[in-house]
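In our numbering, the protein residues as written are 1 to 589. Notes follow once the structure below has been shown.
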């Protein structure tokens with residue numbers, strides 16, 4: 001019998017990272033990838049010289065290890081991009097992360113007061129039992145913001161109502177974001193460095209596939225092997241050990257003995273391909289887990305500058321599209337023609353449903369109609385198009401998924417030489433860096449130098465306590481700067497001014513329309529403090545001015561006083577700890 005190999009099923013970010021690390025240790029793994037290219041859902045597609053990134057993949061991480069691998073493999077081929085993204089809702093565009101003037105202009109003073117009222121109502125009387133995404137977001141932001149900026153887009157992505165999507169997804173993906181932090185970020189000098197709201201990121205010159213293709217070459221140059229168009233059909237096992245895999249390569253079946261198996265293939269497929277079959281409860285659990293798919297309508301537009309965003313979230317429920325990617329703004333090299341641009345219109349769906357099965361020409365027509373209806377692209381400028389379908393892109397956190405996954409996890413723990421990694425292998429909505437971290441943990445365990453459980457990666461309460469954390473002077477300074485950020489006095493004053501002016505104006509108009517039945521309307525008393533004001537049409541306009549001035553002064557004063565107090569506290573901490581205060585006192589206030 002042939003000596004078993006170290007097999008890696010899947011050549012996405014997790015699988016290739018595992019192979020990259022193993023060849024460092026002198027192990028020559030065999031990587032089996034069923035597609036004709038590496039990268040998984042982080043590959044780069046090419047059509048007539050234009051490059052398309054399926055989903056838009058930002059390269060950033062709070063962990064040093066993935067960043068070091070990216071830089072090692074791709075070196076100078078990384079670009080640094082300043083993030084620019086917006087939300088489209090009901091015919092309006094909102095900056096994301098939020099910017100004060102843009103948000104206020106979009107929702108208006110009345111809308112801002114409705115958001116504040118809704119937030120207070122749900123903070124005072126929240127859902128006591130939080131199980132769903134809808135309950136989690138409503139408790140944190142209020143119903144008004146949930147309906148505006150979360151509900152429609154989330155239901156497009158997952159294909160189920162928000163009251164059926166489990167709260168674990170929100171807790172994992174947006175746990176650091178709250179209304180207080182979002183509003184504070186609107187008025188601070190620098191946006192908060194939240195995991196969902198980073199301001200800049202790295203990106204390969206020719207898309208994410210450039211990195212994974214370079215990693216493939218590196219693995220092969222070091223003695224590893226990557227086979228494409230290689231589908232794992234059967235995983236043989238005996239007495240708690242995987243003994244072999246049956247792989248079909250271009251129609252030819254081959255049996256390969258296994259010493260170690262690292263799998264990033266969908267965990268549901270892994271369970272179904274076990275031979276002998278897994279117990280019936282495990283198979284039923286695999287049947288309960290669902291993945292969400294999507295497709296991208298790729299347009300070639302005969303114009304270089306269309307809109308400045310890298311991507312736009314489409315929250316409007318009347319538009320089926322979920323997100324728009326502008327690939328030239330990710331990297332100019334994604335578009336070979338300097339006078340043309342490639343766009344990606346993303347539609348979330350389930351494999352086999354009505355949208356997935358639409359002919360390509362109908363999908364192109366749908367996308368062209370919707371993006372022109374949004375006012376972003378003139379249909380006459382769309383000169384060519386194609387469609388790419390991406391199966392099993394997102395694990396769905398629906399009701400019952402956690403129990404089913406636990407059944408599968410307990411069963412897989414019974415195989416001593418099998419480890420699952422990556423987004424699909426762990427059924428966890430990981431970013432690329434977390435998928436790479438799962439591969440790192442798996443290789444550590446295989447080499448006998450790690451005790452961490454791969455299932456705890458991206459579970460902060462366990463994994464981050466075990467992982468080394470940055471605690472040096474630079475990290476501490478960044479943490480202090482985040483806590484003691486300077487408020488923009490002019491921006492906060494302006495926001496208060498808009499709200500104050502609108503409030504006086506609306507109250508005056510209401511008094512004019514409905515009256516009070518008395519000889520002297522109560523608002524006339526303001527005339528004692530605001531020269532020339534009275535309840536009249538002219539008074540409403542004057543009240544708008546006075547309210548704006550008074551609101552601005554109050555907001556500006558509040559921000560300035562807060563900055564003074566904060567600066568004094570920070571300076572006091574600096575004297576006690578020996579850490580110098582960042583900048584001059586006058587600059588800060």
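C-beta atoms are modelled at their ideal positions from N, C-alpha and C, and glycine is treated no differently.
Check	Outcome
Which one of 12, 506 and 500 has the shortest CA to CA distance from residue 554?	500
Quick check: residue 111 and residue 93, are their CB atoms within less than 9 Å of each other?	no
In whole angstroms, what separates the C-alpha of residue 18 from that of residue 53?	23 Å
Helix, strand or coil: how does DSSP classify residue 62 here?	coil
Starting from residue 385, follow its DSSP beta bridges and name the residues at the other end.	299
At the level of alpha carbons, what is the spacing between residue 156 and residue 137?	16 Å
For residue 53, report the span of its beta strand (DSSP E) as first-last.	50-53
Would you mind giving the Cβ-Cβ distance between residue 264 and residue 421, rounded to the nearest angstrom? I have them listed as a contact below 8 Å.	5 Å
Measure how close the beta-carbons of residue 14 and residue 436 come, nearest whole angstrom, since I'm counting them as under 8 Å.	6 Å
If you compare alpha carbons, which of 215, 234 and 160 is closest to residue 275?	234
Taking 8 Å as the threshold, find out whether the stretch 380-390 comes into contact with the stretch 312-321 through three or more Cβ pairs.	no
Let me check understanding here. Comparing Cα to Cα, which of 259, 370 and 342 lies closest to residue 446?	259
Can you give the Cα-Cα distance for residue 199 and residue 353, rounded to whole angstroms?	36 Å
Which word fits residue 564, buried or exposed, when buried means at least 16 other C-beta atoms lie within 10 angstroms of its C-beta?	exposed
Taking DSSP as the reference, what is the three-state secondary structure of residue 160?	coil
Inspect the CB distances between the stretch 206-220 and the stretch 36-50 and report whether three or more fall short of 8 Å.	yes
Between residue 344 and residue 328, is the Cβ-Cβ spacing less than 9 Å?	no
Work out the CA separation of residue 431 and residue 82 for me, nearest whole Å.	19 Å
Apply the 10 Å Cβ neighbour rule to residue 425 and answer buried if 16 or more other Cβ atoms are within range, or exposed otherwise.	buried
Nearest by alpha-carbon distance to residue 149: which of 314, 78, 69 and 214 is it?	314
Assuming residue 433 contacts residue 66 under a Cβ cut-off of 8 Å, what Cβ separation, rounded to an integer in Å, is found between them?	4 Å
Taking the beta carbon of residue 120 as the centre, do at least 16 other beta carbons fall within 10 Å, making it buried, or is it exposed?	exposed
Might you give, ordered along the chain, the residues of its own chain that have their beta carbon closer than 8 Å to the beta carbon of residue 291, omitting 5 neighbours on each side?	266, 268, 391, 392, 393, 394, 395, 396 and 424
Quick check: the Cα distance between residue 142 and residue 114, rounded to an integer number of angstroms?	10 Å
Under 9 Å between the Cβ atoms of residue 38 and residue 226?	yes
Where does the unbroken alpha helix (DSSP H) through residue 290 begin, and where does it stop?	It is not in any alpha helix (DSSP H) - residue 290 carries neither H nor E in the DSSP assignment.
Check residue 69 in the structure and name its three-state DSSP category.	helix
Among residues of its own chain, excluding the 5 on either side of residue 415, which ones have a beta-carbon nearer than 7 Å to its beta-carbon?	237, 240, 241 and 242
Taking only runs of the alpha helix (DSSP H) that begin and end inside the stretch 332-407, which ones reach a length of at least 4 residues, in chain order?	354-357 and 360-373
In the DSSP assignment, what residue or residues form a beta bridge with residue 507?	Answer is none; residue 507 lacks a bridge partner.
Should residue 369 go down as buried or exposed, given a rule of 16 or more other Cβ atoms within 10 Å for buried?	exposed
Looking only at its chain, what residues have a beta carbon closer than 7 Å to the beta carbon of residue 503, apart from the 5 residues adjacent to it on each side?	547
Have a look at the DSSP bridge pairing and note the partners of residue 225.	30
Return the CA-CA distance between residue 216 and residue 16, expressed in angstroms with no decimal places.	7 Å
Can you give me the C-alpha to C-alpha distance between residue 359 and residue 365, rounded to a whole angstrom?	10 Å
Within the continuous beta strand (DSSP E) that includes residue 231, where are the two ends?	230-238
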